[in-house]
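Notes for the one structure printed next.
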Amino acid sequence: MKIIMLGAPGAGKGTQAKMLADKYEIPHISTGDIFRANIKNETELGKKAKEYMDKGLLVPDELTCNLVVDRIQQEDCKKGYILDGFPRTIPQAEALDKALTELNDKIDYAINVEVPDENIVGRMSGRRACVGCGATYHIVYNPTKEEGICDRCGKELILRDDDKPETVQKRLNVYHEQTQPLIDFYKNKGVLKEVDGTVDMNDVFNAIVKVLES
Ligand code: ADP
Ligand code: AMP
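To convert, note that position 80 of the sequence shown is 80 in the working numbering; the numbers rise steadily by one, no gaps.
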């Protein structure tokens with residue numbers, strides 16, 4: 001099963017992608033996580049990506065597309081995968097399409113997790129990420145047992161630089177301009193499924209599973 005998660009930043013794509021990856025035992029591929037790992041390891045890609053991410057801008061397509069096209073051809077992706085945060089522009093979607101056509105393959109579902117802008121700022125300002133394993137929490141909607149400490153690995157939680165309110169609005173503008181057109185792109189391909197992302201995360205998950213298994 002090859003799935004793309006669509007939705008605004010903070011809509012819950014990563015939360016759902018992780019739960020789906022566990023259920024269906026397929027990899028969760030998050031370009032944001034890949035860039036953050038590169039920033040942590042101080043790679044050339046990380047240095048370049050950080051310049052854009054800190055400003056709430058998208059990393060250029062030429063740094064992003066090949067990375068994903070290579071990743072989906074690895075052995076663990078044979079059974080399927082969940083793309084989270086990619087594609088984010090029409091040229092990225094076209095590059096993915098071209099690569100999949102050459103591999104005689106296709107995307108099965110593009111799931112749009114719908115959350116209105118007014119909910120997004122609260123979602124992102126309350127998001128906390130673990131510096132160790134990258135697990136994501138929310139101070140109100142998905143808190144850790146001990147404040148500021150990751151339930152999974154015990155390391156410290158931080159507010160991502162790009163989740164600060166001044167950057168969130170910029171990221172939302174970028175989403176509406178560059179990423180939202182993908183909804184029609186995948187609707188035209190007949191693979192778009194929409195779910196209400198404003199309800200509890202377990203209910204969002206159940207709605208997605210229902211779509212995938214219907
Ligand atoms: P995305 O990957 O789309 O940027 P995340 O999955 O990281 O979004 O979710 C953003 C924040 O909102 C996180 O702090 C997460 O714990 C929280 N969250 C995710 N889904 C829900 C939900 N259904 N209701 C409330 N909060 C949620
Ligand atoms: P995310 O973790 O998906 O919220 O992504 C965090 C940031 O990484 C985004 O705001 C972008 O700067 C960058 N990024 C992640 N995925 C992509 C992508 N597919 N194209 C361009 N930039 C991306």
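Note that CB positions come from ideal geometry on N, CA and C, so glycine has one too.
Around Lys-50, the same chain offers Ile-39 as residues with beta carbons nearer than 6 Å, after the five sequence neighbours per side are excluded. Note on the stretch 55-107: whole beta strand (DSSP E) runs with a minimum of 3 residues are 81-84, in chain order.
The C-alpha of Pro-116 is placed about 15 Å away from the C-alpha of Val-174. Between the beta-carbon of Glu-114 and that of Gly-197 there is about 5 Å, and that keeps the pair under the 8 Å contact cut.
Distance check between Gln-178 and each of Leu-159, Lys-106, Thr-144 and Ile-90 places Ile-90 closest, using alpha-carbon atoms only. One thing to note: Lys-193 has its Cβ within 8 Å of the Cβ of Tyr-109. Under the three-state reduction of DSSP, Thr-15 is assigned to helix. Runs of the alpha helix (DSSP H) lying entirely within the stretch 137-185, each at least 4 residues long, are 165-174 in chain order. Beta-carbon to beta-carbon, Leu-172 and Pro-9 are separated by about 7 Å, close enough to satisfy the 8 Å threshold. Bounds of the alpha helix (DSSP H) holding Ala-49 are 44-53. A Cβ-Cβ contact shorter than 8 Å links Leu-83 with Met-5. Under a 10 Å Cβ-count criterion, Ser-214 is classified as exposed, with fewer than 16 other Cβ atoms of the shown protein chains found around its own Cβ.
If you look at Asp-203, you'll find it in the alpha helix (DSSP H) that goes 201-213.
Here Lys-189 carries a coil assignment [DSSP, helix/strand/coil].
Rounded to whole angstroms, the gap between the alpha carbons of Arg-127 and Lys-210 is 27 Å.
For Ala-110, the uninterrupted beta strand (DSSP E) segment begins and ends at 109-114. In this structure the stretch 137-145 does not lie against the stretch 16-33, because fewer than three pairs of beta carbons, one per stretch, are closer than 8 Å. Put simply, of Gly-12, Lys-2 and Met-1 the residue whose alpha carbon is nearest the alpha carbon of Ile-120 is Gly-12.
Excluding its 5 nearest sequence neighbours in each direction, Met-124 has C-beta neighbours in its own chain below 6 Å: Gly-10, Asp-163 and Val-168, listed in chain order. Rounded to the nearest whole angstrom, the C-alpha separation of Val-59 and Lys-170 is 14 Å.
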